[in-house]
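Chemist: Here's a structure for you.
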Amino acid sequence: MDPQDLDRLNELLEQDVEIREKIKEQVAELDKKTRNMAGVLNRIHSTPTESSQVTWLSCRFIRLIRLPIVPVLIDSVRPILQSCQDTSAAMAALIPLNQFWRFKEMWSSSLRTAVYSAAFVEYLSSGKLISLPDVAKILGKEEWKDRFSLAVEDYLHGLISLVNELSRLAVNAVTLGNFEEPIRISIFVKELFAGFTMLNLKNDTLRRRFDSLKYDIKKIEEVVYDLSLRKLAAPKKEQVDSKE
Amino acid sequence: MDTDKTTAVVDIFDEFRKDIDEHNDRRERLIKASRDVTNISKKVIFLLHRIMTERGNDTRDPFKHAAERGRNGLREAQVLYAQMKHEIQGDEFWRYHRAVSPGLQEYIEALSFAHYLEHGTLVTYAQVQDTLSDDSGVPYLPLPKEDYLLGLSDLTGELMRFAISGIARKGGRTKATEVCAFVRQCKSDFERFTPVVRELSKKQSVTTQSLEKIEDAVYAIVVRSSEYDLPPEAVDDIVAQSISSFGTGSGVDRSKRGRRDPGSGDEYEGEY
């Protein structure tokens with residue numbers, strides 16, 4: 040090969056390596072944030088929805104360590120979630136135009152955790168499913184679209200993580216004395232599951248994770264069954280209807 | 005309110021379904037097209053080998069002739085890329101890079117082989133990109149440097165076959181020595197890219213193996229022709245014997261192995 044071509048090629052390749060390195064730094068940043076959020080959100084399993092429940096509970100140690108209630112917990116996650124935009128901005132600035140998909144794999148897993156956190160926060164505060172455009176708005180800005188955007192795949196991965204977590208929450212909510220939560224979760228997750236069944240998924244990780252959702256649903260169902268059997272929670276009639 | 009929410013979720017997922025279906029269909033189309041490119045390129049490579057081993061009474065310059073026919077064959081692949089163009093616009097190219105990458109590499113391998121036969125050099129990045137552009141020079145796709153290098157790396161294997169199967173013919177020994185030097189140069193040129201291009205180091209070791217085969221064959225030529233003062237035809241026989249152990253279609257003209265193209269065995273025999 041011509042030495043000049045050789046050098047040019049090498050130079051270009053090294054530029055790519057440099058971009059990759061810089062992106063890696065930002066991914067590490069994002070990763071820190073998403074781990075932090077996931078860690079805080081994990082405490083939801085021992086957090087009562089409202090302070091009145093703490094007094095309702097006879098469990099003394101819960102009162103003793105003065106656990107925060109859910110709204111407080113959510114409020115502590117929100118600023119971290121908002122700050123994810125800073126890392127997105129830094130990444131968008133690094134990624135060459137039209138090469139988003141080239142580097143996307145580098146941050147997919149962190150971004151999925153961020154989606155999960157955003158979706159969980161939304162569920163805990165409004166009981167609703169956060170839409171993809173809404174998550175995208177939290178994590179990035181519209182004008183970076185051709186450099187940094189949220190792919191459907193990553194959004195869906197985040198939602199599956201949410202379902203995984205909700206099935207745990209259904210169990211732990213009961214432990215904390217919240218008997219309505221599992222019913223709400225059951226309705227929410229079933230709707231979501233119905234949505235997922237509409238997709239023609241390929242044999243990829245999303246498909247495998249979707250396949251595992253049925254175990255989460257089963258787990259939630261069992262909790263609901265236990266509660267109804269003991270008449271601990273009286274689901275409203277309309278909820279029962281929509282569940283069928 | 006609950007029913008409202010249900011419709012909303014279903015509607016949202018309906019959009020996702022369209023999105024995912026479209027993505028999968030496109031990927032499938034590109035993989036198919038890419039496989040077609042691979043097939044075309046493989047055929048061109050076989051064709052080039054065949055022309056180089058079959059030149060009987062053909063008075064045309066075999067190298068020019070081969071390169072021309074190879075390039076003609078590859079035009080089919082270029083048409084496919086022109087058709088793929090609208091599916092891999094902008095960022096979409098990188099989204100489907102993995103689907104198109106194998107075909108691209110095979111194409112580059114075939115193109116570089118034709119180029120080598122004619123010019124004795126490596127086809128440059130710009131030249132490859134040029135063949136993948138329309139008449140006004142607008143590229144069908146941005147050729148990744150990685151694929152360019154990996155395609156070239158595969159060329160060394162073809163050159164090994166070319167050198168060894170041609171060794172027993174007139175001028176084949178000089179050619180083999182040339183190829184040997186060329187492949188050696190390729191190997192050392194590519195070495196510096198191994199840290200930045202994944203997969204290249206694996207291909208480098210294949211190159212090393214090919215190079216060793218050529219070196220051994222060249223060694224055989226030198227030893228045989230120096231030790232005995234034999235006429236060239238007799239040397240041909242000796243060399244053919246010594247290289248038949250490589251199992252790479254060497255001495256194909258004598259042993260009627262016709263590995264490259266079993267169908268052409270008959271017309272082939274007639275020539276010799």
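Same order as they appear, the protein sequences are chains W and P.
Taking the numbering used here, I'd label the letters of the first sequence as residues 40 to 283.
Taking the numbering used here, I'd label the letters of the second sequence as residues 5 to 276.
Where is the CB? At the ideal position from N, CA and C, for every residue including glycine.
Hey, quick one: how far does the alpha helix (DSSP H) through Gly74(P) stretch, first residue to last?
Modeler: Start and end: 66–88.
Chemist: Compare the C-alpha of Ser148(W) against each of Leu80(W), Asn203(W), Ala67(W) and name the closest.
Modeler: Looking at the Cα atoms, Ala67(W) is the closest of the given residues.
Chemist: Provide the residue(s) that pair with Pro143(P) in DSSP beta bridges, ordered along the chain.
Modeler: Ser137(P), per the DSSP bridge assignment.
Chemist: Check this for me: beta carbons of Ala114(P) and Ile218(P), under 8 Å apart or not?
Modeler: No.
Chemist: If contact means a Cβ-Cβ distance below 8 Å, which residues of the region 158–191 of chain W contact chain P?
Modeler: Cβ contacts with chain P come from Lys167, Leu168, Ser170, Leu171, Asp185, Val191.
Chemist: So with Cβ pairs under 8 Å, would you call Asn43(P) a contact of chain W?
Modeler: By this cut-off, Asn43(P) is not an interface position.
Chemist: So, are the CB atoms of Ser214(P) and Thr160(P) less than 8 Å apart?
Modeler: Yes, the Cβ-Cβ distance between Ser214(P) and Thr160(P) is below 8 Å.
Chemist: Might you give, ordered along the chain, the residues of its own chain that have their beta carbon closer than 6 Å to the beta carbon of Ile44(P), omitting 5 neighbours on each side?
Modeler: Within the same chain, Ile44(P) has close Cβ partners Glu80, Ala81.
Chemist: Return the chain-ordered list of same chain residues with a C-beta closer than 6 Å to the C-beta of Tyr111(P), the five sequence neighbours on each side being excluded.
Modeler: Excluding positions up to five away in sequence, the list reads Val41, Ser45, Ala81.
Chemist: Comparing C-alpha positions only, which one of Lys22(P), Phe166(P), Asp139(P), Ala221(P) sits nearest to Leu51(P)?
Modeler: It is Phe166(P) whose Cα lies nearest to the Cα of Leu51(P).
Chemist: Evaluate Lys72(W) with the Cβ neighbour count: other Cβ atoms within 10 Å of its Cβ, from every protein chain shown; 16 or more gives buried, anything less gives exposed.
Modeler: Buried, since its Cβ has 16 or more Cβ neighbours within 10 Å.
Chemist: My guess is that Thr128(P) and Asp44(W) are in contact by the Cβ rule of under 8 Å, so how many angstroms apart are they, rounded?
Modeler: About 5 Å; that satisfies the 8 Å criterion.
Chemist: What would DSSP say about Trp183(W), mapped onto helix, strand or coil?
Modeler: Note: Trp183(W) maps to helix in three-state DSSP.
Chemist: Given that a residue counts as buried once 16 or more other Cβ atoms are within 10 Å of its Cβ, and exposed if not, what is Asp158(P)?
Modeler: Buried, since its Cβ has 16 or more Cβ neighbours within 10 Å.
Chemist: Note down, in chain order, every chain B residue with its Cβ under 9 Å from the Cβ of Ala233(W).
Modeler: Of the chains in the structure shown, none is chain B; the protein chains are W and P.
Chemist: Nearest CA to the CA of Asp95(P): which residue from Arg117(W), Leu136(W), Ala129(W)?
Modeler: Nearest C-alpha to Asp95(P): Leu136(W).
Chemist: Please name the residue in Asn76(P), Val201(P), Ile35(P) whose C-alpha comes closest to that of Asp55(W).
Modeler: Per the Cα distances, Val201(P).
Chemist: I need the DSSP call for Ser188(W), collapsed to helix, strand or coil.
Modeler: Coil, per DSSP.
Chemist: What distance in whole Å lies between the Cβ atoms of Tyr155(W) and Phe227(W), which are believed to be in contact at a cut-off of 8 Å?
Modeler: No, Phe227(W) and Tyr155(W) are not in contact; Cβ-Cβ is about 15 Å, not under 8 Å.
Chemist: Take Phe67(P) and list the residues in its own chain whose beta-carbon comes closer than 7 Å to its own, dropping the five residues that flank it on each side.
Modeler: Only Leu121, Glu122 meet the Cβ criterion.
Chemist: Quick test of your reading: Ala158(W) and Leu178(W), contact by CB under 8 Å. State the CB separation rounded to the nearest angstrom.
Modeler: That pair is no contact at about 11 Å.
Chemist: Using the Cα positions of Arg247(W) and Leu208(W), report the straight-line distance between them to the nearest angstrom.
Modeler: So the alpha carbons of these two residues sit roughly 22 Å apart.
Chemist: Could you list the residues in the region 18–38 of chain P with a C-beta less than 7 Å from some C-beta on chain W, going in chain order?
Modeler: Flagged, chain order: Asp18, Phe20, Arg21, Asp23, Ile24, Asp25, Asn28.
Chemist: Which word fits Thr211(P), buried or exposed, when buried means at least 16 other C-beta atoms lie within 10 angstroms of its C-beta?
Modeler: It counts as buried.
Chemist: Flag this pair as touching only if the region 196–216 of chain W and the region 225–241 of chain W have three or more C-beta atom pairs under 8 Å; answer yes or no.
Modeler: The region 196–216 of chain W, when compared against the region 225–241 of chain W, does touch it at the 8 Å Cβ threshold.
Chemist: Short check: CB of Leu34(P) to CB of Ala103(P), under 8 Å?
Modeler: Yes; because the gap between Cβ atoms is below 8 Å, this pair is in contact.
Chemist: Who are the near neighbours of Ile55(P) in its chain, counting only those whose CB is closer than 6 Å to its CB and skipping five residues on each side?
Modeler: Excluding positions up to five away in sequence, the list reads Ala70.
Chemist: Closer than 9 Å, Cβ to any Cβ of chain W: which residues of the region 94–107 of chain P, in chain order?
Modeler: Per Cβ criterion, the list reads Gly94, Asp95, Glu96, Phe97, Trp98, Arg99, Tyr100, His101.
Chemist: So, helix, strand or coil for Asp40(P), using DSSP?
Modeler: Helix.
Chemist: Taking only beta-carbon positions, decide if Met145(W) is within less than 8 Å of chain P.
Modeler: Not one chain P Cβ lies under 8 Å of Met145(W).
Chemist: Just to confirm my understanding: we take Gly197(W), look at its own chain, exclude 5 residues before and 5 after, and list those with CB closer than 6 Å. What are they?
Modeler: For Gly197(W), where only same-chain residues beyond five positions count, the Cβ hits under 6 Å are Arg151, Val154, Tyr155, Ala158.
Chemist: When we look at the beta-carbon of Asn242(W) and count the other beta-carbons within 10 Å, is it buried (16 or more) or exposed?
Modeler: Exposed is the call here.
Chemist: Pop quiz: Lys149(P) and Leu51(W) are said to be a contact at Cβ under 8 Å. What is the actual Cβ separation, rounded to whole angstroms?
Modeler: Indeed, because the Cβ distance is near 6 Å, the residues count as touching under 8 Å.
Chemist: Distance, Cα to Cα, Leu268(W) vs Arg59(W)?
Modeler: Looking at the two C-alpha atoms, the distance is approximately 56 Å.
Chemist: State buried or exposed for Asp65(P), treating a residue as buried only when at least 16 other CB atoms are found within 10 Å of its CB.
Modeler: Per the 10 Å Cβ criterion, exposed.
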